[in-house]
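The next block holds one structure in the form of C-alpha coordinates; read it before the comments.
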Amino acid sequence: MTAYLNALGVICSLGRDKQNVARNLFAGDCSGVRVEAGWVAERALPVASARGDLPTIPEALVAQRSRNNQLLLDAGLQIRADIDQAIKAYGPTRIGVVLGTSTSGIDEASQGIAHYLREQRFPEGYDYQQQELSAPANFLSDWLGLSGPSYVISTACTSSARALMSARRLLDLDLCDAVLCGGVDSLCKLTLNGFCALEAVSSERCNPFSVNRSGINIGEAAVLFLMSKTPGDGHSIALLGGGASSDAHHISAPEPSGRGARQAMEKALRCAGLDASQIDYLNLHGTATQHNDAMESHAVAGLFPAGVPCSSTKPMTGHTLGAAGALEAAFCWLALSAENPSHALPPHVWDGQADPELPALNWIDSRARLNPTFPRRLMSNSFAFGGNNVSLIIGDAQ
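Residue numbering for the sequence shown follows the numbering used here, starting at 4 and increasing by one per position.
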(Lines of atoms letter the chains of each structure in order from A and count residues from 1; the text may use other names and numbers.)
(Lines give C-alpha, C1' and ligand atoms only; values in the text may rest on other atoms or scores of the structure.)
Protein backbone atom coordinates (compact mmCIF):
# COMPACT_ATOMS: atom_id res chain seq x y z
CA MET A 1 0.00 0.00 0.00
CA THR A 2 1.24 3.50 -0.85
CA ALA A 3 2.05 5.66 2.17
CA TYR A 4 1.41 9.21 0.99
CA LEU A 5 3.26 12.04 2.72
CA ASN A 6 0.60 14.70 2.30
CA ALA A 7 1.84 17.52 4.54
CA LEU A 8 5.08 18.63 6.19
CA GLY A 9 5.77 20.86 9.17
CA VAL A 10 9.44 21.51 9.93
CA ILE A 11 11.55 23.73 12.15
CA CYS A 12 15.35 23.66 12.43
CA SER A 13 18.32 26.00 12.13
CA LEU A 14 17.47 26.49 8.43
CA GLY A 15 14.07 28.04 9.14
CA ARG A 16 10.62 27.87 10.69
CA ASP A 17 8.54 26.45 7.81
CA LYS A 18 9.02 24.42 4.66
CA GLN A 19 9.38 27.45 2.39
CA ASN A 20 12.25 29.00 4.36
CA VAL A 21 13.88 25.65 5.03
CA ALA A 22 13.80 24.79 1.32
CA ARG A 23 15.24 28.14 0.25
CA ASN A 24 18.15 27.96 2.70
CA LEU A 25 18.73 24.23 2.19
CA PHE A 26 19.19 24.44 -1.56
CA ALA A 27 21.36 27.54 -1.18
CA GLY A 28 23.74 25.62 1.09
CA ASP A 29 23.21 28.14 3.90
CA CYS A 30 25.25 27.22 7.00
CA SER A 31 24.59 30.46 8.88
CA GLY A 32 22.30 28.70 11.36
CA VAL A 33 25.29 26.85 12.82
CA ARG A 34 26.80 29.32 15.30
CA VAL A 35 29.55 29.13 17.89
CA GLU A 36 28.14 29.50 21.41
CA ALA A 37 29.55 29.27 24.91
CA GLY A 38 27.73 27.95 27.96
CA TRP A 39 26.81 24.47 26.77
CA VAL A 40 30.07 22.82 27.82
CA ALA A 41 32.39 24.14 30.53
CA GLU A 42 35.34 26.18 29.27
CA ARG A 43 34.55 25.51 25.63
CA ALA A 44 32.66 27.32 22.87
CA LEU A 45 31.09 25.04 20.28
CA PRO A 46 29.15 25.36 17.02
CA VAL A 47 25.49 24.47 17.62
CA ALA A 48 22.46 24.66 15.33
CA SER A 49 19.40 25.98 17.14
CA ALA A 50 15.95 27.04 16.02
CA ARG A 51 15.90 30.85 16.29
CA GLY A 52 13.20 33.05 17.75
CA ASP A 53 10.42 32.58 20.26
CA LEU A 54 8.64 29.24 20.18
CA PRO A 55 4.85 28.88 20.60
CA THR A 56 3.52 28.65 24.14
CA ILE A 57 2.21 25.31 25.38
CA PRO A 58 -1.55 25.64 25.98
CA GLU A 59 -2.47 26.22 29.65
CA ALA A 60 -4.45 22.98 29.80
CA LEU A 61 -1.26 21.07 28.92
CA VAL A 62 1.16 23.05 31.10
CA ALA A 63 2.38 19.87 32.83
CA GLN A 64 3.81 18.86 29.43
CA ARG A 65 5.76 22.09 28.97
CA SER A 66 9.23 21.54 27.48
CA ARG A 67 11.32 22.96 24.67
CA ASN A 68 10.94 19.63 22.88
CA ASN A 69 7.16 19.96 22.89
CA GLN A 70 7.36 23.63 21.89
CA LEU A 71 9.38 22.67 18.81
CA LEU A 72 6.84 19.96 18.05
CA LEU A 73 3.96 22.40 18.53
CA ASP A 74 5.58 24.78 16.03
CA ALA A 75 5.74 22.01 13.41
CA GLY A 76 2.18 20.94 14.19
CA LEU A 77 0.76 24.45 13.86
CA GLN A 78 2.25 24.68 10.35
CA ILE A 79 0.03 21.80 9.17
CA ARG A 80 -2.89 22.23 11.57
CA ALA A 81 -5.38 22.73 8.73
CA ASP A 82 -4.31 19.44 7.12
CA ILE A 83 -4.55 17.66 10.47
CA ASP A 84 -8.02 19.04 11.16
CA GLN A 85 -9.15 17.93 7.72
CA ALA A 86 -7.87 14.40 8.43
CA ILE A 87 -9.64 14.33 11.81
CA LYS A 88 -12.88 15.36 10.12
CA ALA A 89 -12.45 12.71 7.41
CA TYR A 90 -11.35 9.75 9.54
CA GLY A 91 -12.19 10.54 13.15
CA PRO A 92 -9.78 10.85 16.10
CA THR A 93 -9.60 7.09 16.74
CA ARG A 94 -8.24 6.37 13.24
CA ILE A 95 -5.29 8.79 13.37
CA GLY A 96 -2.07 7.58 14.96
CA VAL A 97 1.01 9.36 16.28
CA VAL A 98 4.50 7.86 15.93
CA LEU A 99 7.50 10.02 16.75
CA GLY A 100 11.21 9.61 17.35
CA THR A 101 13.21 11.39 20.04
CA SER A 102 16.30 10.93 22.16
CA THR A 103 16.15 13.98 24.42
CA SER A 104 12.44 14.39 25.14
CA GLY A 105 12.30 16.88 28.06
CA ILE A 106 15.61 15.90 29.62
CA ASP A 107 16.79 19.52 29.83
CA GLU A 108 13.80 20.48 31.96
CA ALA A 109 14.46 17.39 34.10
CA SER A 110 18.13 18.34 34.53
CA GLN A 111 17.14 21.83 35.64
CA GLY A 112 14.56 20.39 38.02
CA ILE A 113 17.04 18.00 39.61
CA ALA A 114 19.63 20.78 39.98
CA HIS A 115 17.00 22.90 41.73
CA TYR A 116 16.12 19.99 44.01
CA LEU A 117 19.76 19.50 45.00
CA ARG A 118 20.02 23.19 45.89
CA GLU A 119 16.63 23.74 47.52
CA GLN A 120 15.53 20.24 48.56
CA ARG A 121 12.39 20.64 46.49
CA PHE A 122 11.50 20.62 42.82
CA PRO A 123 10.74 23.96 41.12
CA GLU A 124 7.20 25.10 40.52
CA GLY A 125 5.89 23.64 37.27
CA TYR A 126 8.20 20.62 37.31
CA ASP A 127 6.48 17.41 36.26
CA TYR A 128 8.15 14.05 35.72
CA GLN A 129 6.20 13.38 32.54
CA GLN A 130 8.14 16.19 30.87
CA GLN A 131 11.15 13.88 30.60
CA GLU A 132 9.47 10.58 29.73
CA LEU A 133 10.35 9.32 26.27
CA SER A 134 6.64 9.03 25.47
CA ALA A 135 6.16 12.74 26.17
CA PRO A 136 6.15 14.06 22.57
CA ALA A 137 3.51 11.59 21.35
CA ASN A 138 1.41 12.09 24.50
CA PHE A 139 1.54 15.83 24.04
CA LEU A 140 0.59 15.73 20.36
CA SER A 141 -2.32 13.34 21.00
CA ASP A 142 -3.59 15.44 23.91
CA TRP A 143 -3.26 18.71 22.01
CA LEU A 144 -5.19 17.38 19.01
CA GLY A 145 -7.65 15.16 20.91
CA LEU A 146 -6.49 12.01 19.11
CA SER A 147 -7.11 8.51 20.47
CA GLY A 148 -5.46 6.30 17.86
CA PRO A 149 -2.18 4.41 18.46
CA SER A 150 0.37 6.81 19.94
CA TYR A 151 3.98 6.06 20.84
CA VAL A 152 7.60 7.13 20.62
CA ILE A 153 10.59 5.25 19.22
CA SER A 154 13.98 5.99 20.74
CA THR A 155 16.83 4.30 18.88
CA ALA A 156 19.25 7.22 19.05
CA CYS A 157 19.97 8.77 15.64
CA THR A 158 17.63 6.44 13.69
CA SER A 159 14.61 7.16 15.91
CA SER A 160 12.53 9.30 13.56
CA ALA A 161 13.47 7.32 10.45
CA ARG A 162 12.11 4.26 12.23
CA ALA A 163 9.03 6.30 13.16
CA LEU A 164 8.22 6.74 9.46
CA MET A 165 8.62 3.01 8.85
CA SER A 166 6.40 2.24 11.85
CA ALA A 167 3.76 4.71 10.70
CA ARG A 168 3.60 3.00 7.34
CA ARG A 169 3.11 -0.32 9.13
CA LEU A 170 0.10 1.07 11.02
CA LEU A 171 -1.46 1.96 7.67
CA ASP A 172 -0.61 -1.44 6.17
CA LEU A 173 -2.23 -3.20 9.13
CA ASP A 174 -5.35 -1.01 8.77
CA LEU A 175 -4.97 0.22 12.33
CA CYS A 176 -5.01 3.82 11.11
CA ASP A 177 -6.15 5.81 8.09
CA ALA A 178 -3.56 8.52 8.75
CA VAL A 179 -0.52 8.89 11.02
CA LEU A 180 1.31 11.95 12.27
CA CYS A 181 4.93 10.85 12.16
CA GLY A 182 8.39 12.37 12.41
CA GLY A 183 10.67 13.35 15.22
CA VAL A 184 11.85 16.03 17.61
CA ASP A 185 14.99 16.71 19.62
CA SER A 186 16.15 19.86 21.41
CA LEU A 187 19.56 21.19 22.29
CA CYS A 188 20.54 20.51 25.90
CA LYS A 189 23.67 20.45 28.02
CA LEU A 190 23.41 16.75 28.79
CA THR A 191 23.62 15.78 25.13
CA LEU A 192 26.47 18.14 24.31
CA ASN A 193 28.51 17.12 27.34
CA GLY A 194 27.90 13.47 26.58
CA PHE A 195 29.19 13.72 23.03
CA CYS A 196 32.12 15.81 24.23
CA ALA A 197 32.98 13.00 26.65
CA LEU A 198 33.09 10.68 23.64
CA GLU A 199 35.48 13.16 21.94
CA ALA A 200 33.06 13.28 19.02
CA VAL A 201 32.27 17.03 18.90
CA SER A 202 34.11 19.39 16.57
CA SER A 203 35.16 22.91 17.59
CA GLU A 204 34.52 24.00 13.98
CA ARG A 205 31.66 23.57 11.55
CA CYS A 206 31.47 19.87 10.73
CA ASN A 207 33.28 18.80 7.56
CA PRO A 208 31.82 15.46 6.39
CA PHE A 209 34.00 13.08 4.39
CA SER A 210 36.93 15.50 4.36
CA VAL A 211 40.43 14.38 5.26
CA ASN A 212 40.19 17.22 7.82
CA ARG A 213 36.94 16.08 9.47
CA SER A 214 37.02 16.30 13.25
CA GLY A 215 33.57 15.42 14.56
CA ILE A 216 29.94 16.45 14.76
CA ASN A 217 27.98 19.59 15.54
CA ILE A 218 24.74 19.18 17.50
CA GLY A 219 21.46 20.73 16.35
CA GLU A 220 17.76 20.64 17.13
CA ALA A 221 14.67 20.17 15.01
CA ALA A 222 11.05 19.08 14.86
CA VAL A 223 9.56 17.39 11.80
CA LEU A 224 5.96 16.30 11.36
CA PHE A 225 4.55 14.49 8.34
CA LEU A 226 0.90 13.68 7.78
CA MET A 227 1.08 10.17 6.28
CA SER A 228 -2.10 8.80 4.76
CA LYS A 229 -3.53 5.96 2.69
CA THR A 230 -4.95 8.49 0.23
CA PRO A 231 -3.12 11.16 -1.78
CA GLY A 232 -3.51 14.83 -1.06
CA ASP A 233 -4.29 17.53 -3.57
CA GLY A 234 -1.83 18.05 -6.43
CA HIS A 235 1.50 16.26 -6.80
CA SER A 236 1.81 13.38 -4.34
CA ILE A 237 5.00 12.30 -2.58
CA ALA A 238 5.25 8.95 -0.81
CA LEU A 239 7.42 6.80 1.39
CA LEU A 240 8.28 4.15 -1.21
CA GLY A 241 10.39 1.89 0.98
CA GLY A 242 12.39 1.48 4.13
CA GLY A 243 15.00 -0.94 5.40
CA ALA A 244 16.59 -1.50 8.80
CA SER A 245 19.42 -3.60 10.18
CA SER A 246 21.52 -3.96 13.31
CA ASP A 247 25.12 -5.04 12.99
CA ALA A 248 25.63 -4.94 16.80
CA HIS A 249 29.36 -4.34 16.30
CA HIS A 250 29.95 -1.90 19.18
CA ILE A 251 27.96 0.25 21.59
CA SER A 252 28.97 3.47 19.80
CA ALA A 253 31.34 2.71 16.90
CA PRO A 254 29.94 1.52 13.53
CA GLU A 255 30.96 -1.75 11.92
CA PRO A 256 33.99 -0.65 9.83
CA SER A 257 33.15 -2.33 6.53
CA GLY A 258 29.66 -0.79 6.30
CA ARG A 259 28.06 -4.22 6.06
CA GLY A 260 25.05 -3.29 8.21
CA ALA A 261 24.56 0.08 6.49
CA ARG A 262 24.57 -1.56 3.08
CA GLN A 263 22.10 -4.19 4.29
CA ALA A 264 19.66 -1.45 5.35
CA MET A 265 19.95 0.25 1.96
CA GLU A 266 19.44 -3.06 0.14
CA LYS A 267 16.34 -3.79 2.23
CA ALA A 268 14.92 -0.36 1.41
CA LEU A 269 15.47 -0.99 -2.31
CA ARG A 270 13.75 -4.38 -2.11
CA CYS A 271 10.85 -2.88 -0.18
CA ALA A 272 10.41 -0.23 -2.88
CA GLY A 273 10.93 -2.70 -5.74
CA LEU A 274 13.88 -0.72 -7.07
CA ASP A 275 17.47 -1.24 -8.18
CA ALA A 276 20.32 0.92 -6.94
CA SER A 277 20.62 2.45 -10.43
CA GLN A 278 17.12 3.93 -10.05
CA ILE A 279 18.04 6.17 -7.09
CA ASP A 280 18.42 9.79 -8.20
CA TYR A 281 19.97 11.21 -5.01
CA LEU A 282 21.29 9.94 -1.67
CA ASN A 283 21.20 11.99 1.52
CA LEU A 284 24.09 10.59 3.53
CA HIS A 285 24.15 10.22 7.30
CA GLY A 286 27.51 12.01 7.00
CA THR A 287 28.26 13.00 10.60
CA ALA A 288 31.90 14.04 9.93
CA THR A 289 33.28 11.59 12.48
CA GLN A 290 36.23 9.47 11.42
CA HIS A 291 34.56 6.08 11.69
CA ASN A 292 31.03 6.90 10.47
CA ASP A 293 32.18 8.59 7.27
CA ALA A 294 34.63 5.81 6.49
CA MET A 295 32.00 3.12 7.02
CA GLU A 296 29.36 4.90 4.97
CA SER A 297 31.76 5.59 2.11
CA HIS A 298 32.51 1.88 1.77
CA ALA A 299 28.82 0.94 1.96
CA VAL A 300 27.74 3.48 -0.67
CA ALA A 301 30.60 2.76 -3.06
CA GLY A 302 29.83 -0.95 -2.86
CA LEU A 303 26.10 -0.58 -3.50
CA PHE A 304 26.38 2.14 -6.16
CA PRO A 305 29.38 1.13 -8.30
CA ALA A 306 28.31 3.57 -11.04
CA GLY A 307 27.96 6.36 -8.47
CA VAL A 308 24.95 8.30 -7.18
CA PRO A 309 24.60 12.06 -6.55
CA CYS A 310 24.98 12.49 -2.80
CA SER A 311 25.54 14.96 0.00
CA SER A 312 25.53 15.34 3.76
CA THR A 313 23.32 18.17 4.99
CA LYS A 314 24.61 18.22 8.58
CA PRO A 315 26.92 21.26 8.06
CA MET A 316 23.68 23.23 7.61
CA THR A 317 21.62 21.76 10.45
CA GLY A 318 24.01 20.07 12.82
CA HIS A 319 23.23 16.51 13.84
CA THR A 320 19.68 16.66 15.18
CA LEU A 321 19.98 13.18 16.72
CA GLY A 322 16.52 11.64 17.22
CA ALA A 323 15.02 14.09 14.70
CA ALA A 324 17.72 13.59 12.04
CA GLY A 325 16.09 10.72 10.15
CA ALA A 326 12.81 12.58 9.66
CA LEU A 327 14.57 15.90 8.98
CA GLU A 328 16.65 14.46 6.17
CA ALA A 329 13.63 12.58 4.79
CA ALA A 330 11.96 16.01 4.80
CA PHE A 331 14.84 17.38 2.73
CA CYS A 332 14.14 14.67 0.15
CA TRP A 333 10.43 15.57 0.30
CA LEU A 334 11.27 19.23 -0.28
CA ALA A 335 13.48 18.37 -3.27
CA LEU A 336 10.47 16.67 -4.88
CA SER A 337 7.91 19.29 -3.88
CA ALA A 338 6.46 22.47 -5.30
CA GLU A 339 8.77 24.36 -2.93
CA ASN A 340 11.59 23.47 -5.35
CA PRO A 341 10.62 24.71 -8.83
CA SER A 342 14.26 24.77 -9.97
CA HIS A 343 14.72 21.05 -9.12
CA ALA A 344 17.71 21.81 -6.91
CA LEU A 345 19.37 19.25 -4.65
CA PRO A 346 20.92 19.82 -1.20
CA PRO A 347 24.60 20.62 -1.80
CA HIS A 348 27.50 18.94 -0.03
CA VAL A 349 29.13 21.73 1.98
CA TRP A 350 32.75 20.98 2.93
CA ASP A 351 36.33 22.10 2.32
CA GLY A 352 36.63 19.98 -0.83
CA GLN A 353 39.60 18.02 0.48
CA ALA A 354 38.61 14.39 0.07
CA ASP A 355 40.06 11.72 2.32
CA PRO A 356 42.36 9.65 0.06
CA GLU A 357 41.75 6.62 2.29
CA LEU A 358 38.03 6.56 1.39
CA PRO A 359 36.27 5.55 -1.83
CA ALA A 360 35.43 8.57 -3.98
CA LEU A 361 31.73 9.47 -4.00
CA ASN A 362 29.72 11.69 -6.35
CA TRP A 363 29.54 14.89 -4.25
CA ILE A 364 27.13 17.53 -5.54
CA ASP A 365 27.24 21.30 -5.18
CA SER A 366 24.57 24.01 -5.43
CA ARG A 367 24.55 23.74 -9.24
CA ALA A 368 23.26 20.15 -9.17
CA ARG A 369 19.73 19.56 -10.42
CA LEU A 370 17.29 16.70 -10.03
CA ASN A 371 16.01 15.18 -13.25
CA PRO A 372 12.46 16.57 -13.55
CA THR A 373 11.25 13.42 -15.33
CA PHE A 374 8.88 11.34 -13.20
CA PRO A 375 9.17 9.12 -11.29
CA ARG A 376 12.05 10.34 -9.10
CA ARG A 377 13.39 8.39 -6.12
CA LEU A 378 15.57 9.75 -3.33
CA MET A 379 17.23 7.78 -0.53
CA SER A 380 18.15 8.93 2.97
CA ASN A 381 20.45 7.11 5.41
CA SER A 382 20.44 7.21 9.22
CA PHE A 383 22.84 5.29 11.47
CA ALA A 384 22.93 5.08 15.25
CA PHE A 385 24.73 3.72 18.29
CA GLY A 386 24.67 -0.03 18.65
CA GLY A 387 24.95 -0.61 14.90
CA ASN A 388 21.36 0.51 14.31
CA ASN A 389 20.87 1.35 10.61
CA VAL A 390 17.88 2.67 8.66
CA SER A 391 17.49 3.71 5.03
CA LEU A 392 14.36 5.35 3.57
CA ILE A 393 13.28 5.95 -0.02
CA ILE A 394 11.06 8.97 -0.72
CA GLY A 395 9.68 9.47 -4.21
CA ASP A 396 6.93 10.57 -6.56
CA ALA A 397 3.80 8.52 -5.87
CA GLN A 398 2.79 6.31 -8.77
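No residue lacks a Cβ here, since even glycine has one placed at the ideal position from N, Cα and C.
Just so it is clear, the structure is predicted and the values come from calculations on it, not from any experiment.
Report the residue from the options whose alpha carbon sits nearest the alpha carbon of residue i.
i, options, result
"P308", "T290, P362, A333 and G261", "P362"
"E39", "L48, L330 and L74", "L48"
"T292", "G310, V311 and P259", "P259"
"D278", "S34, G310 and V101", "G310"
"E360", "L227, L348, S52 and A304", "A304"
"G18", "A10, R124, F29 and N9", "F29"
"I254", "L201, T233 and H288", "L201"
"L57", "A51, Q67, N71 and R46", "N71"
"A135", "P234, Q67 and E45", "First, the amino acid is wrong: residue 135 is Glu here, not Ala. Residue Q67 is the option with its Cα nearest to E135."
"P234", "Q401, G355, S394 and G222", "Q401"
"A302", "G261, I116 and C209", "G261"
"A327", "E342, S153, E62 and E223", "E223"
"L339", "I109, A25 and A170", "A25"
"I109", "L337, L381 and K192", "K192"
"A332", "C184, D354 and G263", "C184"
"S137", "T96, P126, D188 and R97", "D188"
If you draw a straight line from the C-alpha of residue i to the C-alpha of residue j, how long is it?
i, j, result
"C179", "M4", "13 Å"
"E207", "H238", "40 Å"
"A256", "N295", "8 Å"
"R370", "A92", "42 Å"
"D250", "R265", "11 Å"
"G79", "G389", "31 Å"
"G246", "S231", "20 Å"
"R172", "E122", "47 Å"
"G128", "S107", "17 Å"
"D368", "R46", "32 Å"
"Y131", "V155", "17 Å"
"T290", "G218", "7 Å"
Residue i and residue j: beta carbons closer than 8 Å?
i, j, result
"N365", "T158", "no"
"D283", "L373", "yes"
"P312", "P211", "no"
"A329", "A140", "no"
"R334", "N384", "According to the sequence shown, residue 334 is Phe rather than Arg. Taking 8 Å as the Cβ cut-off, F334 and N384 do not qualify as a contacting pair."
"M268", "L243", "no"
"L102", "T194", "no"
"V50", "N220", "yes"
"A271", "D77", "no"
"A84", "F228", "no"
"I60", "L147", "no"
"A433", "G94", "In the structure displayed, the chain extends from 4 to 401; residue 433 sits before or after that span and is not available."
In the DSSP assignment, what are the bridge partners of residue i?
i, result
"N392", "S248 and F386"
"I282", "Answer by DSSP bridge pairing: none, since I282 is not bridged."
"G398", "A241 and R380"
Every unbroken beta strand (DSSP E) within the region 193-265, with a cutoff of 3 residues, ordered by chain
224-231 and 240-249
Could you name each continuous alpha helix (DSSP H) segment of 4 residues or more that falls completely within the region 322-373, going from the start of the chain to the end?
327-339
Ignoring anything shorter than 4 residues or poking outside the region 33-98, list the alpha helix (DSSP H) runs there in chain order.
70-81 and 83-93
Length at least 4, wholly inside the region 109-139: the alpha helix (DSSP H) runs in chain order:
109-122
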